[in-house]
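Sequential numbering from 125 applies to the sequence shown in our numbering.
Heads up, the beta-carbon is just placed ideally off N, CA and C, and yes, glycines get one too.
Taking it in order: structure first as structure tokens, then the write-up.
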Amino acid sequence: MLTVASDIEVLARFGRALADPIRCRILLALRDAPAYPSDLADALGISRTRLSNHLTCLRDCGLVVTVPDGRRTRYELADERLGHALDDLRDAVVAVETDRACVDADEEGCC
125 MLTVASDIEV LARFGRALAD PIRCRILLAL RDAPAYPSDL ADALGISRTR
175 LSNHLTCLRD CGLVVTVPDG RRTRYELADE RLGHALDDLR DAVVAVETDR
225 ACVDADEEGC C
């Protein structure tokens, strides 16, 4: 059963989804167009198993939905406004000190 999430829960789910670079890449790819998992895995250069785990997270966060297409399943953003939100977040000016990284930054750096 679908329910309407509170404002705080929506932001927390969006934040959780964006906390991982691979999930960010998936969301940006789906912003451009719906896609099948095998095509997404190939385009992103990751294994289908790894992609599947991230798609499950994004689906659980309520950001993507599955659309049956014959014997295949296509993924797309749950709401087209998410694509606009991703664009707005990407275009936002972030004040970053060059000698500091995010607390949770990995070796490559999250920021």
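Along the length of the stretch 144-218, whole beta strand (DSSP E) runs at least 3 residues long occupy 188-193 and 196-201, reported in chain order. By the neighbour-count criterion, in which 16 or more other beta carbons inside 10 Å mark a residue as buried, HIS178 falls on the buried side. If you draw a straight line from the Cα of ASP212 to the Cα of ARG196, it comes to about 32 angstroms.
GLU200 and SER130 have their C-alpha atoms some 22 angstroms from each other.
With a beta-carbon spacing of about 19 angstroms, ILE132 and LEU182 fall beyond the 8 angstroms limit used to define contacts.
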